[in-house]
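Asker: Under full-length UniProt numbering, the letters of the sequence shown match residues 1 to 38, in that order.
The C-beta atom is built at its ideal place from N, Cα and C for all residues, glycine as well.
In this text the structure is predicted, and so the values were computed from the model without any measurement.
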Amino acid sequence: MAAILSLLETAKLNGHAPYVWLRDVLALFPTWPYNRLQ
């Protein structure tokens, strides 16, 4: 839980809407190359 909150706060500090950013990142996971996730 702390890791997710940290990501959301980082997105907010960088001028992104946190939940929109998270939604977009999660939508990209299925298409992201496996070797780039490690």
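1. Can you list, in chain order, the residues of its chain with a C-beta nearer than 8 angstroms to that of K12? Leave out the 5 residues immediately preceding and following it.
2. How many Å lie between L8 and P33 at the Cα?
3. I'd like the span of the alpha helix (DSSP H) that includes Y19, first residue to last.
Answerer: In short, the structure shows the following:
1. Here residue 12 is taken as the residue at index 12 of the sequence shown, counted from 1. Same-chain partners within the cutoff: P18.
2. Against the sequence shown, residue 8 aligns to sequence position 8. Against the sequence shown, residue 33 aligns to sequence position 33. C-alpha separation (whole angstroms): 23 angstroms.
3. Numbered from 1 along the sequence shown, position 19 holds the residue referred to as residue 19. Y19 -> alpha helix (DSSP H) spans P18 to L28.
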